[in-house]
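Student:
Number of protein chains: 4
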Amino acid sequence: MASKTPVGFIGLGNMGNPMAKNLVKHGYPVIAYDVFPEACKEFQDLGAQVTDSPADVAERADRIITMLPSSPNAKEVYTGANGILKKVKKGSLLIDSSTIDPAVSKELAKAVEKMGAVFMDAPVSGGVGAARAGNLTFMVGGVEQEFDAAKELLTCMGSNVVYCGEVGTGQAAKICNNMLLAISMIGTAETMNLGIRLGLDPKLLAKILNMSSGRCWSSDTYNPVPGVMEGVPSANNYQGGFGTTLMAKDLGLAQISATNTKTPVPLGSQAHQIYRMMCAKGYALKDFSAVFQFLREEETL
Amino acid sequence: MASKTPVGFIGLGNMGNPMAKNLVKHGYPVIAYDVFPEACKEFQDLGAQVTDSPADVAERADRIITMLPSSPNAKEVYTGANGILKKVKKGSLLIDSSTIDPAVSKELAKAVEKMGAVFMDAPVSGGVGAARAGNLTFMVGGVEQEFDAAKELLTCMGSNVVYCGEVGTGQAAKICNNMLLAISMIGTAETMNLGIRLGLDPKLLAKILNMSSGRCWSSDTYNPVPGVMEGVPSANNYQGGFGTTLMAKDLGLAQISATNTKTPVPLGSQAHQIYRMMCAKGYALKDFSAVFQFLREEETL
Amino acid sequence: MASKTPVGFIGLGNMGNPMAKNLVKHGYPVIAYDVFPEACKEFQDLGAQVTDSPADVAERADRIITMLPSSPNAKEVYTGANGILKKVKKGSLLIDSSTIDPAVSKELAKAVEKMGAVFMDAPVSGGVGAARAGNLTFMVGGVEQEFDAAKELLTCMGSNVVYCGEVGTGQAAKICNNMLLAISMIGTAETMNLGIRLGLDPKLLAKILNMSSGRCWSSDTYNPVPGVMEGVPSANNYQGGFGTTLMAKDLGLAQISATNTKTPVPLGSQAHQIYRMMCAKGYALKDFSAVFQFLREEETL
Amino acid sequence: MASKTPVGFIGLGNMGNPMAKNLVKHGYPVIAYDVFPEACKEFQDLGAQVTDSPADVAERADRIITMLPSSPNAKEVYTGANGILKKVKKGSLLIDSSTIDPAVSKELAKAVEKMGAVFMDAPVSGGVGAARAGNLTFMVGGVEQEFDAAKELLTCMGSNVVYCGEVGTGQAAKICNNMLLAISMIGTAETMNLGIRLGLDPKLLAKILNMSSGRCWSSDTYNPVPGVMEGVPSANNYQGGFGTTLMAKDLGLAQISATNTKTPVPLGSQAHQIYRMMCAKGYALKDFSAVFQFLREEETL
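Residue numbers (my numbering), protein chains in the order written: chain L, 8 to 308; chain D, 8 to 308; chain X, 8 to 308; chain G, 8 to 308.
1) Verify the CB distance criterion: does R204 (chain G) have a CB-CB separation below 9 Å to chain D?
2) May I ask which residues mark the beginning and end of the beta strand (DSSP E) holding I38 (chain D)?
3) Considering just the uninterrupted stretch of the beta strand (DSSP E) at N167 (chain L), what are its terminal residues?
4) For a contact defined as C-beta to C-beta under 7 Å, what are the partners of K293 (chain G) on chain A?
5) For the segment 104–124 of chain G, enumerate the residues whose C-beta is nearer than 7 Å to any C-beta of chain L, in chain order.
6) With contact counted as at least three CB pairs below 8 Å, one residue from each stretch, are the segment 96–105 of chain D and the segment 149–165 of chain D in contact?
7) Rounded to the nearest angstrom, how far is the Cβ of A55 (chain X) from that of I38 (chain X), given a contact under 8 Å?
8) Counting C-beta neighbours from all protein chains within 10 Å, is the total for N29 (chain D) 16 or more, i.e. buried, or is it exposed?
9) Mark P79 (chain L) as exposed unless 16 or more other C-beta atoms lie within 10 angstroms of its C-beta, in which case mark it buried.
10) Just the Cα atoms here: how many angstroms apart are L260 (chain D) and M254 (chain G)?
11) Output needed for G177 (chain X): all residues of its chain with C-beta closer than 6 Å, excluding positions within five of it in sequence on either side, in chain order.
12) Counting only beta-carbon separations shorter than 9 Å, does N267 (chain D) have a partner in chain X?
13) Under the DSSP definition of a beta bridge, which residues are partnered with R70 (chain X)?
14) Looking only at its chain, what residues have a beta carbon closer than 8 Å to the beta carbon of D87 (chain D), apart from the 5 residues adjacent to it on each side?
15) For I17 (chain X) and K94 (chain X), I'd like the C-alpha separation in whole angstroms.
16) Quick check: the segment 43–54 of chain X against the segment 218–236 of chain X, are there 3 or more CB pairs under 8 Å?
17) Keeping to the same chain, check which residues put their C-beta closer than 6 Å to that of V239 (chain G); ignore five residues upstream and five downstream.
18) Measure the Cβ-Cβ separation of M199 (chain X) and F299 (chain X) and say whether it is below 9 Å.
19) What does DSSP give as the partner residues of L143 (chain D) in its beta bridges?
20) Among the candidates G:S220, G:L205, G:G136, G:V111, whose CA atom is the shortest distance from the CA of V174 (chain G)?
21) DSSP has S132 (chain D) in a bridge; who is on the other side?
22) Kindly give me the distance between the Cβ atoms of V64 (chain X) and G15 (chain X), rounded to whole angstroms, as I take these residues to be in contact under 8 Å.
23) Would you check if the segment 19–27 of chain G and the segment 283–301 of chain X touch, i.e. whether three or more CB-CB distances between them fall below 8 Å?
24) Going by CA-CA distance only, name the one from G:Q280, G:L207, G:C183 that's closest to V169 (chain X).
25) My understanding is that P233 (chain G) touches Q280 (chain L), with C-beta atoms under 8 Å, so please give their C-beta distance in whole angstroms.
26) E66 (chain D) and K32 (chain D): beta carbons closer than 9 Å?
27) Which two residues bound the contiguous beta strand (DSSP E) that contains F16 (chain D)?
28) What does the alpha-carbon distance come out to for the pair A156 (chain D) and L92 (chain X)?
29) From S264 (chain G) to L205 (chain X), what distance separates their C-alpha atoms?
30) Should T12 (chain D) be labelled buried (16 or more other beta-carbon atoms within 10 Å of its own) or exposed?
31) Answer with yes or no whether the minimum CB distance from H279 (chain D) to chain X is below 9 Å.
32) For a test of the three-state rule: what should DSSP assign to G250 (chain D), helix, strand or coil?
33) What are the residues that DSSP puts in a beta bridge with C223 (chain D)?
34) Given A68 (chain D), which residues of its chain have a CB within under 7 Å of its CB, disregarding the five upstream and five downstream residues?
35) In chain X, what lies closer than 7 Å to G175 (chain D) by C-beta?
36) Which runs of the beta strand (DSSP E) spanning at least 3 residues fall entirely within the segment 180–211 of chain G, listed in chain order?
Below you can see the structure in the form of structure tokens.
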């Protein structure tokens, strides 16, 4: 195990922290960096080398994973004044697991290629829990012959690593899934609410939908109505799960991608607006299935 | 078999015709009526008694099934000048399989109760094919103790008979399912379209969605993108299936129910508008999954 | 003045009360009825005759004005067990100033015609203040040769009486205006909010819009942003004005009319949903321009 | 006149061509560049100097106007390999009249400032006709003390030059106006369509709206219904005017700005989708008021 070559890891936040730990567990020497030095401390104790900049990471590791909150952060880490590209070695493999605009992934890939290195986008699905348990799903875009090399690292952190196509398609797959998820969730919430107001028992209605053509993951696995299922956020006052503010972020990326490709997304666009309004009305940190609560309140005079 | 008591059947259109035939096959003497006399001729040849009005049907049969295209038709057949209620016998069981506004079902139920008879709403899902094959699903609303009597007849025409609650809940369940179906279908169509424009292979994208949280009946069983699945309308130029104009009708009923109960249905409302625009743009008779085609066309200058 | 023939008035609520008083002021003997007897007391003191039912009003007056909160109320007052039609005299003129579904207006007109009387729909715009001041606008639908007779009465209560066409078009005009108003108001609110977040001064932005193609009544006469104009509800914490719950009601009527005529109204439909959500979020009694407040809140984590 | 100092002009397309000609008419020596050499030829004949790159323009003129189709073009012209910034002189005044993302305007302003020059965004409203007639409206963002210098040039091309605030607010004002315009136009189109289907005469309905709270520029100055007004695109089969594809572009910019500032724009977002669908359905080159035609078509089976 000790003979494994080091892996760089940049971005040790809520998601990056448990992901990097899983690399350590699998015996990889980790070269760590985070813009907040405190985030690195824990890794120092675990034997990781902590560096002063993304450039320093690139100097010491030729395989690097980045996990950052937004497109501007990713640009800074790759192409900034102390960015990876300042010192990246030829032939290095750079894997970005951030969820960002696929157009930005393509830009970064071009810049990386110019330096003779390889870039892949590999955003994840599954939240902090899956990151800890090491069973994230990775959706990977990039040159196909490098996929095996990427997979070797990603399987330390996830149970499912899917090749999606050229650079940017990992992001595209994630954005697409989450857009359809948001639409189905809002649709399920408003349908359940309408059914209840028309006199249907919510459990019975869920059962009917789930054996019919209205069935979807939001109705049969993650039902947003309290009392219909156990072990889901709706059974726990919408705590835990996938936060409304994160869903709003992903829907914003979908909007930008759709705008740039001139693709009509009438319901995706409306779903974005609804999650945006929810954020403004105090739901930012609740699970995104709280849209049921947002829509159901009785009118009061 | 000959000893079975007669069953009235009013409304022998695309759906009513094969449904009534299945009653005949099960040995029920059928007392038939349709506003278009030609529609009855076939049943005369099958040995059914053909009558001149709904009232006449009510005089000769104490179990009646109605299958009509809209709320005004249903009102006319029950409460019109020659309607069922003019001659209905006490204790009769009247089952309405039309898809109509649940508020109208409740009105009819009240009028029927005043005459000492019983009314149940029992709309169907599954189109003409399921009607012929006798495997429709019936969603039934009404007094629970009468459900067994209704089920005896309905199982001759359907494979699935679900009790939903008090009068109107059969309609409510159907409307709710179809609203969520429309939302998921449009969502699937725009998601697939966006993914394709972002460089994803449609089959691969469908596979990713179907193993993720974006999964829904429209993505895994009835995918709207040509080439992704076989045996669905999208594989056959959107012929057959469930027509856009019928979906628009059901979404209109959902809108009216939501308006009357002051229920916010932001995506259901938008789905209604999209199917309405499709009807105006020549898609009325195509399967409702043709929304993919409606949204995907390239812009041309 | 004393020689004027009596006028019936049914529905003495927030709007009906000041309207009927203006008839009294103009010297008309008023025959009054309201479902809540207390509502009539004040009119007794003013010398009006108070009756026990709409039928009684019809017995004593051959010109009647009705001002009721909803379609079911209007149906009851005209066609109910003690309704106007039980005792209406031939040649009577019945004017309904309620805001209801135009399809219901047409139904009532048919029933009234059968009795040999005349029905006109004449909904108003302008709220309680305009009702008191006698400067409401009436939009009138019905047979054109009766318009002058209607106008004689309506000018006692309004400053503007517009003939719109056959029965139902008064309702249609009102519903159409309010739908476009709601769309423009929400549009103005979201535009002002976006501009402010992009660094524009709200007063300057309003000025630019008002001299450009974005100009509308909601931007130049009733701006929803506090501080931009004086003497409007936004300058007074959205008190007074036209309540959100009333706007939601009118948008519901627009939806039902659009559904019944198969007319696509994508933004009208979304506007309905937004006012519906506002009602559920505590804005029911605020002026409808409070949509600016509903949309603007900052996201808080 | 001959003593006037030269003005650079980059981007001689549909709009830039007549704008630059108006500078020539006012006696300014023009230093011209366009990516398509043919576009410059006409200016050579008019006595302008034609250059090989934006950098060359910057070398010869210290006041430059740019008029480009999109954000990427603007970035290239300013910061590209042969861009303005390669040779810009200290103290130069660079005015960008392109309609682009205000965030990009801010980026460009920063880069320009670093070189010791001044950047202002000054997008226009009014189409090719107004550009020819020299009565465009300019909405200007940038440092206030430079506004007079900019205004001197812009008044040669426009009749209305409005100072909006810091850099980016010119774009913001334009985007905001056009978003509200699109919302009002679609709203007017669907309202007129609904009114017509409910039996109202379109001219009468327009008159009622225009004297009521539904009044907006789209109803009273640019009515989308053929036969209501003369001299507008709806009177001429929607030819001329402001193309649907241009409106879709501006709405895309509004979406991106709203997404980046987390501003809910529910109707603006839906308006974007509708113009996007119209582009895909063959309306790209028609005036944006053709949305009436898009929505009104009768359903045909």
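Positions of the beta carbon are idealized from the N, C-alpha and C atoms, including for glycine.
Tutor: This is what the structure gives:
1) no
2) 37–40
3) 165–172
4) Absent here is chain A; the protein component of the structure consists of chains L, D, X and G.
5) none
6) yes
7) 7 Å
8) buried
9) exposed
10) 34 Å
11) D128, A129, P130, M146, V147, G148, C171
12) yes
13) X:L100
14) Here the sequence assigns Gly to residue 87 (chain D), which means Asp is not the residue at that position. The residues are P61.
15) 15 Å
16) no
17) Y229
18) yes
19) D:G165
20) G:V111
21) D:T144
22) 4 Å
23) no
24) G:L207
25) Actually they are not in contact, since the Cβ atoms of P233 (chain G) and Q280 (chain L) sit about 33 Å apart, beyond 8 Å.
26) no
27) 14–17
28) 42 Å
29) 8 Å
30) exposed
31) yes
32) strand
33) L:C223
34) P13, V14, G15, I38
35) Within chain X, no residue comes near G175 (chain D); the closest Cβ sits about 17 Å away, beyond 7 Å.
36) none
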